[in-house]
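Student: Keeping their order, the protein sequence lines are chains B, Z and L. All letters in the first sequence, in the order written, are residues 584 to 884 by the numbering used here. All letters in the second sequence, in the order written, are residues 8 to 339 by the numbering used here. All letters in the third sequence, in the order written, are residues 212 to 751 by the numbering used here. The beta carbon of each residue, even a glycine, is placed where N, CA and C say it ideally should be. Since the structure is predicted, the reported quantities are computational estimates derived from the model, not experimental observations.
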Amino acid sequence: MSSPPESLRAIPRKGGRTPVAWQSQLHGGAEAEPSAPPRPFRRAWRTLLGGAMLAMLALFALLGPWLAGSPVEQDLRNTLAAPGAQHWLGTDVLGRSALARLAHAARLSLGLALLAALSAAVPGTLLGIAAAWCGGRTERALLMLADSVLAIPGLLLVLLFAALAPGALWAVYAGLSAALWVEYFRVSRAVARPVLAGDAVQASRLLGFGRGYVLRRHLLPALAPTLGTLLAFTTSQAVLALAALGFVGVGMQPPTPELGLMMTEAMPFYEEAPWLIAAPTALLVWLVAAMMLLNPDRETV
Amino acid sequence: MKTTLSPSANAYAAFSAPWAGLLLRRLVQVVALSMLIGTLCFFMVRALPGDLATRIAAGRYGYDLVSNAAADAVRAELGLDHPAGLALLYWWRDMATFNLGQSLVSQRPVWEEVAHHLGATLHLSAAALAVAFAVGLPAGLWAGLHPRGWVDRATWLAAVALRAMPPFLLSVLLILVVAVQWGFLPAGGGESQASVVLPAITLGLGLAAGLARVARAAMREVVQSPFFEFARTKGLSDVQALVRHGLRNAAVPVTAYLGVQALFLVEGALVVETIFAWPGIGHALVHAVFGRDIPVVQGTALCMGLMFVVFNLLVDAACLALDPRHSRKVAR
Amino acid sequence: MTCMTTLSAIPKALTRRRALQAPVAALASCALPAASAQGAPPSSAPAPLQIVGPWEISGLAPASSGHVFTRMQVTETLLDAADDGQPRPALAQRWRRSADGLVWQFELRAGARFHDGTPVTAPAVVRSLQAAQVAPALLSQAPIESITAPDVGTVLIRLQRPHTALPALLAHSSTMVLAPASYGADGKVRSIIGSGPYRIAVLVPPQQVETVVFDGYDGPRPAIAAVRYLAASRAETRALMAESGQADLAYGLDPASLRRLRRHAQTPAAARRAQVRIESVTLPRTVIVKHNAGLPALRDVRVRHALSLAIDRRGIAHALMGDETLAATQLLPPTLGAWHNPHLSPLRHDPQAAAQLLQAAGWQRSGDGLRDPAGQPLQLVIRTFLDRPELQLIATALQEQWRLAGIAVKVSIGNSGDVPLGHRDGSLQLALAARNYANVPDPTGTLAGDFSPTGGDWGAMGWHSDAVVQALHALMRTNPSPERARALRATVTQALQTELPVIPVAWYRQHVAVGQRLAGVTLDPLERSYRLTAMEWNAA
Chain B
584 MSSPPESLRA
594 IPRKGGRTPV
604 AWQSQLHGGA
614 EAEPSAPPRP
624 FRRAWRTLLG
634 GAMLAMLALF
644 ALLGPWLAGS
654 PVEQDLRNTL
664 AAPGAQHWLG
674 TDVLGRSALA
684 RLAHAARLSL
694 GLALLAALSA
704 AVPGTLLGIA
714 AAWCGGRTER
724 ALLMLADSVL
734 AIPGLLLVLL
744 FAALAPGALW
754 AVYAGLSAAL
764 WVEYFRVSRA
774 VARPVLAGDA
784 VQASRLLGFG
794 RGYVLRRHLL
804 PALAPTLGTL
814 LAFTTSQAVL
824 ALAALGFVGV
834 GMQPPTPELG
844 LMMTEAMPFY
854 EEAPWLIAAP
864 TALLVWLVAA
874 MMLLNPDRET
884 V
Chain Z
8 MKTTLSPSAN
18 AYAAFSAPWA
28 GLLLRRLVQV
38 VALSMLIGTL
48 CFFMVRALPG
58 DLATRIAAGR
68 YGYDLVSNAA
78 ADAVRAELGL
88 DHPAGLALLY
98 WWRDMATFNL
108 GQSLVSQRPV
118 WEEVAHHLGA
128 TLHLSAAALA
138 VAFAVGLPAG
148 LWAGLHPRGW
158 VDRATWLAAV
168 ALRAMPPFLL
178 SVLLILVVAV
188 QWGFLPAGGG
198 ESQASVVLPA
208 ITLGLGLAAG
218 LARVARAAMR
228 EVVQSPFFEF
238 ARTKGLSDVQ
248 ALVRHGLRNA
258 AVPVTAYLGV
268 QALFLVEGAL
278 VVETIFAWPG
288 IGHALVHAVF
298 GRDIPVVQGT
308 ALCMGLMFVV
318 FNLLVDAACL
328 ALDPRHSRKV
338 AR
Chain L
212 MTCMTTLSAI
222 PKALTRRRAL
232 QAPVAALASC
242 ALPAASAQGA
252 PPSSAPAPLQ
262 IVGPWEISGL
272 APASSGHVFT
282 RMQVTETLLD
292 AADDGQPRPA
302 LAQRWRRSAD
312 GLVWQFELRA
322 GARFHDGTPV
332 TAPAVVRSLQ
342 AAQVAPALLS
352 QAPIESITAP
362 DVGTVLIRLQ
372 RPHTALPALL
382 AHSSTMVLAP
392 ASYGADGKVR
402 SIIGSGPYRI
412 AVLVPPQQVE
422 TVVFDGYDGP
432 RPAIAAVRYL
442 AASRAETRAL
452 MAESGQADLA
462 YGLDPASLRR
472 LRRHAQTPAA
482 ARRAQVRIES
492 VTLPRTVIVK
502 HNAGLPALRD
512 VRVRHALSLA
522 IDRRGIAHAL
532 MGDETLAATQ
542 LLPPTLGAWH
552 NPHLSPLRHD
562 PQAAAQLLQA
572 AGWQRSGDGL
582 RDPAGQPLQL
592 VIRTFLDRPE
602 LQLIATALQE
612 QWRLAGIAVK
622 VSIGNSGDVP
632 LGHRDGSLQL
642 ALAARNYANV
652 PDPTGTLAGD
662 FSPTGGDWGA
672 MGWHSDAVVQ
682 ALHALMRTNP
692 SPERARALRA
702 TVTQALQTEL
712 PVIPVAWYRQ
722 HVAVGQRLAG
732 VTLDPLERSY
742 RLTAMEWNAA
């Protein structure tokens, strides 16, 4: 899934060479149009929208808990209430405000998932670059390591880590990181290999630039778009893994609000109180959409 | 492009060396993996908090009957007060003779339990793959050919929604809409042929979303490449150029993506299996971890690891067959 | 992963591509027949009765999965039990007790046969009973000296001490009688060959079992010819299976599914949903808070009462169990007739009284919580497990109610085995469980075990009362007159209500969704049988 070599990309393609109208669509509507003023504007619009969505989410996660009230206060006579003036998102099965729980859960789940994704991304990417760079025996050893970790079912790994310390946050987070780093390793290695084998890096090396330069100027720009989308998907993967764990019965201890636990608790009420499960789901969709919009280049997974 | 050998011999030469290397590598991987998984599971389950005998007794007899007397009986029966080192040696000896032991909870051979569950999960995974191929590939290819069209935007939206939606939500919605409203698909159980459709759709849709995006990206790349343009210049029609050159090149990243997502199938199957009462391996694994049923945990983990290796082998073989340039170096 | 190829590859590509397309086509084709098959086709005989429930079949040992087979009426126990717990004949037609209560004699049914054709003989029964004497099978609670078979139709049980609860123990599923051919060479059960009106056709543990009518049964032939049981662990799945018509009996409905089914029953002809009706029965099962009365904080009976007064039982029953009347007023529910004491003052919800009691016991309110004179906060950990999903929610509700009273409680969700474990090593502080007091039809044995002088794994901890112990002994060992028995029971229930060695929270009601195909459905409050032989197909 790497891009064509830069040398070829520089050749502009026009769409009118063959009579088939279809052909013009193939080339004309693509990103390969030379010096097209609409494109930077479109890109800026998407980045702006994505950034705004993410900022709103971050604001909600940071300020929401202070403004929305207590997530633990119960009212057993007012359970499963519809959204109204008093509770903007209604109440859950124990009469707690769904909005307050959502805000606290957003902070906890997203923070934890992002932390797990980042702590998987950094070693994964570094190892991937190292594998692509060194090649030979180092690469094969790293590949075997990655394969072995990948072959141990990720859920089992997280389960075992989580069962080591029931209810403790660090165990779930460590398990998630251990399960997620391999994807970064594979992707960064796949992207780094053609870049490192390409003409540009060769030229830089011949010119005498060191490793740091190659990393900064060649590898990171090539990796950034892919890693960006991957981070989005990994974060949502981590949140969903947390939800799956909560579903199975491993996870935070009550009364801590956590997105996955909320979704699991709300599922039996999908017909009489659909907003209870719609709210956390909508939050997740918002997050993934924001991160996908932020990716300035064409989407690659 | 002339070769000195006859075409068949050339094909043989092109195939045999990398194939042999591939198989050997995978075999070594299998053995190393088995040892690693077995030992890791053994230690981790032993390190877990809670008394082993009590957990097993709770798994066997349920919360109404579990008591300290029951735990003592289990401890005596299974010899659980042996030191860990000795037990590990026994386990290695058993593994070398392909004896996976008996489940501590149900006392049936682990082979039987794992095979039964594995068959069900494989059935489900195959059906989910079929759904993903049927839905995701055409959508992705079409989106790649018509960027910014409505199919492209629809698949982008669907990809986001499906990746973010938990499988259990999707499965409940599906059950509600299809089984109850329209009344033609069973809502649970594993006995009839038709009962695989709903769980397969739930799993397959998530896979189809990612597959569509990857296929789209691969298709875009192919269409913009010089060789495709050359094919057009040569005089092939769009359809011919697509079928003869485009599809095969687009297939390589798609196949590689499938290799990465193989695990998603097996792990996502866990939640889906629980909802649809599908007797699969993820469900069995979770039960075994909670019940501290070490032989079943080890057997199941081994199985899943081996499945992964076999699947990767298939994917590598497919990549190798699709892309003959890989035959010159180690297949990856 | 760059993707360029050369044109000369075309001839090979055609064959290679076709070779690769084949497996994909095969995958797709294996899903096609699945897609075209449309559920169960109608046949001339009615389709098997489909039961779906949460209980899985974990192994074949009678202590582990006996309840599955006795409920499906595949195996029988020596005695049965009526709804009020009184013993009734099953495999044993008559039984006698010697004057000193030490020798019990059971006469087996003459025409009873096992599913493999062999007659039910006393030696076979003795073998099953002896296997049931190993813990945790409940027969191990009885002081049995020997079980013998003096002749082929009589079983003799000799006791060390009188034990009036023996008939109740012999009605428990772990004492179910299996044919000698069921046991393997190592003495473990290899297959289930019982003597009930149904025999096993297909057994696929842990989730499925299918039975058909046993032709050699010596009783009336049941109207339902074939029965299938499926274990589905999610309550929503079970309710949906009932609604879509796939299941005729769905056990273990949660309050949300119950409300949904009731709502749909009121709106007629909603899409193509099957009409289901709900049958309910109150179970002799109580949600209890077991606590460690040996802890300095809980040793004071005022603190225990304060804990109890702080609980809003009505709210919990209403919100989490769907029915406010399930709020417990005492430990044992009204269905246990003789043991439910109407003269006791009911447990109530009174946060002010709780605060006063705590203050009188020496706990000062400071900031958000209570502290003792030495400044230590009142912090406790409550253990519970997930096997019953409502327990987690009840624990969360209790945690909040106690937080308002100033007691900081942390919820620890683990395995059901953690509770007896914590009892033994003294680490248990609080535990939330759903105790089945009619595990054995007569609760006397269960209560005696729970409130023995050393406490019980699921009962008192660090507390005992001589009066209670003596009363329970008298009920179990002697055969008191009805008035004396009533007085003894009153002693026990009064002591339990005043001292609160376990704190009751709520009772249970079992709800079953019944499909429209079935008639004659009754529920067993003792959860011993599905009562399949009494059911029949609806004429429609």
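CA-CA distance, R496 of chain L and G673 of chain B?
Tutor: Looking at the two C-alpha atoms, the distance is approximately 33 Å.
Student: Using a cut-off of 9 Å between C-beta atoms, extract the partners of A27 of chain Z located in chain L.
Tutor: Within 9 Å Cβ-Cβ: nothing; A27 of chain Z doesn't reach chain L, min ~19 Å.
Student: Can you give me the C-alpha to C-alpha distance between A748 of chain B and A754 of chain B, rounded to a whole angstrom?
Tutor: Straight-line Cα distance between these residues: approximately 6 Å.
Student: Can you give me the Cβ contacts of L377 of chain L inside the same chain, cut-off strictly under 8 Å, excluding the 5 residues immediately before and after it?
Tutor: Contacts found: W315, A353, I368 and L370.
Student: When you compare the CB of S702 of chain B with every CB in chain Z, is at least one pair closer than 7 Å?
Tutor: Answer no: the Cβ-Cβ gap between S702 of chain B and chain Z never drops below 7 Å.
Student: Which residue or residues does DSSP assign as beta-bridge partners of S623 of chain L?
Tutor: Paired residues: L:R594.
Student: Output needed in chain order: residues of the region 33-48 of chain Z with a Cβ under 8 Å from some Cβ in chain B.
Tutor: For the region 33-48 of chain Z, which is checked against every Cβ of chain B, the residues closer than 8 Å are Q36, A39, L40, L43, I44, L47 and C48.
Student: In terms of residues, what are the limits of the beta strand (DSSP E) holding E421 of chain L?
Tutor: Run containing E421 of chain L: Q419 to V424, per the beta strand (DSSP E) assignment.
Student: Pop quiz: P206 of chain Z and L131 of chain Z are said to be a contact at Cβ under 8 Å. What is the actual Cβ separation, rounded to whole angstroms?
Tutor: With 8 Å as the limit, P206 of chain Z and L131 of chain Z qualify as a contact, their Cβ atoms being about 6 Å apart.
Student: For the region 584-618 of chain L, enumerate the residues whose C-beta is nearer than 7 Å to any C-beta of chain B, in chain order.
Tutor: Residues passing the 7 Å Cβ filter: L597, Q603, L604, A606, T607, A608, Q610 and E611.
Student: Would you kindly check if the distance between the Cβ of T493 of chain L and the Cβ of R720 of chain L is under 7 Å?
Tutor: Closer than 7 Å, so yes.
Student: With a threshold of 7 Å between beta-carbons, can G599 of chain B be considered close to chain Z, or not?
Tutor: Here G599 of chain B scores only 32 on pLDDT, less than 50, and its place in the model should not be relied on; the value that follows carries that caveat. Chain Z, which has no Cβ nearer than 7 Å to the Cβ of G599 of chain B, makes this no.
Student: Under the three-state reduction of DSSP, which class applies to I403 of chain L: helix, strand or coil?
Tutor: DSSP places I403 of chain L in coil when its eight states are reduced to three.
Student: Note the first and the last residue of the continuous beta strand (DSSP E) segment covering R474 of chain L.
Tutor: Here R474 of chain L belongs to no beta strand (DSSP E); instead the alpha helix (DSSP H) covers P466 to Q477.
Student: Can you find the residues in the same chain that come closer than 8 Å, C-beta to C-beta, to L734 of chain L, ignoring five residues on each side of it along the sequence?
Tutor: These residues qualify, in order along the chain: E490, S491, V492, Q721, V723 and R742.
Student: Buried or exposed: L642 of chain B, going by 16 or more other Cβ atoms within 10 Å of its Cβ?
Tutor: Classification of L642 of chain B: exposed, given that the 10 Å Cβ count is below 16.
Student: Does I489 of chain L come out as helix, strand or coil in the three-state DSSP assignment?
Tutor: Of the three classes helix, strand and coil, the one that applies to I489 of chain L here is strand, per DSSP.
Student: Are any of the Cβ atoms in chain Z nearer than 7 Å to that of S692 of chain B?
Tutor: No, S692 of chain B lies away from the interface with chain Z (no Cβ there is under 7 Å from its Cβ).
Student: Please list the partners that L803 of chain B has in chain Z, where partner means a Cβ-to-Cβ separation under 9 Å.
Tutor: Within chain Z, no residue comes near L803 of chain B; the closest Cβ sits about 21 Å away, beyond 9 Å.
Student: Can you tell me the Cα-Cα spacing of A700 of chain B and F816 of chain B, whole angstroms?
Tutor: Near 9 Å, if we compare the C-alpha coordinates of F816 of chain B and A700 of chain B.
Student: Assuming A485 of chain L and L464 of chain L make a contact with CB atoms under 8 Å, what is their CB distance in whole Å?
Tutor: Contact flag wrong, Cβ pair sits at about 15 Å.
Student: Run through chain L and tell me which residues come within less than 7 Å of G66 of chain Z, C-beta to C-beta.
Tutor: In chain order: S269.
Student: Residues of chain L with CB under 8 Å from D58 of chain Z, in chain order?
Tutor: Under the 8 Å cutoff, chain L gives G628 and L632.
Student: Using alpha carbons as the reference points, say which of B:A807, B:M845 and B:E766 lies closest to Q268 of chain Z.
Tutor: Cα-wise, what sits closest to Q268 of chain Z is B:E766.
Student: Compute the Euclidean distance between the alpha carbons of T162 of chain Z and L249 of chain Z, then round it to the nearest angstrom.
Tutor: So the alpha carbons of these two residues sit roughly 21 Å apart.
Student: In chain Z, which residues lie with their C-beta within 9 Å of the C-beta of D730 of chain B?
Tutor: Within 9 Å Cβ-Cβ: Q36, L40, F315, V316 and N319.
Student: Roughly how many whole angstroms lie between the Cα atoms of W748 of chain L and V725 of chain L?
Tutor: Approximately 12 Å, taken between the alpha carbons.
Student: If we require 4 or more residues per run, which alpha helix (DSSP H) segments fall completely within the region 824-870 of chain B?
Tutor: Correct list: 842-849.
Student: Is the region 254-269 of chain Z close to the region 108-122 of chain Z, with three or more CB pairs under 8 Å?
Tutor: No, the region 254-269 of chain Z is not in contact with the region 108-122 of chain Z.
Student: Under 7 Å between C-beta atoms, does L632 of chain B make it to chain Z?
Tutor: Cβ-Cβ to chain Z under 7 Å: no for L632 of chain B.
Student: Please return the same chain residues whose Cβ sits closer than 6 Å to the Cβ of Q727 of chain L, not counting the five positions on each side in sequence.
Tutor: Excluding positions up to five away in sequence, the list reads Q486.
Student: What in chain Z is Cβ-close to R769 of chain B, meaning under 8 Å?
Tutor: What R769 of chain B touches in chain Z: V267.
Student: Per DSSP, which one or two residues make a beta bridge with H502 of chain L?
Tutor: BP columns for H502 of chain L point to L:L641.
Student: May I ask you to list, following chain order, the residues of the region 837-848 of chain B that have a beta carbon less than 7 Å from some beta carbon of chain L?
Tutor: Hits within the stretch, in order: P837 and P838.
Student: With distance defined between alpha-carbon atoms, name the residue in L:Q341, L:A293 and L:A412 nearest to L389 of chain L.
Tutor: L389 of chain L has its Cα closest to that of L:Q341, out of L:Q341, L:A293 and L:A412.
Student: Can you confirm whether Q418 of chain L, when its beta carbon is compared against all beta carbons of chain Z, has any partner nearer than 7 Å?
Tutor: True, the Cβ-Cβ gap to chain Z drops below 7 Å.
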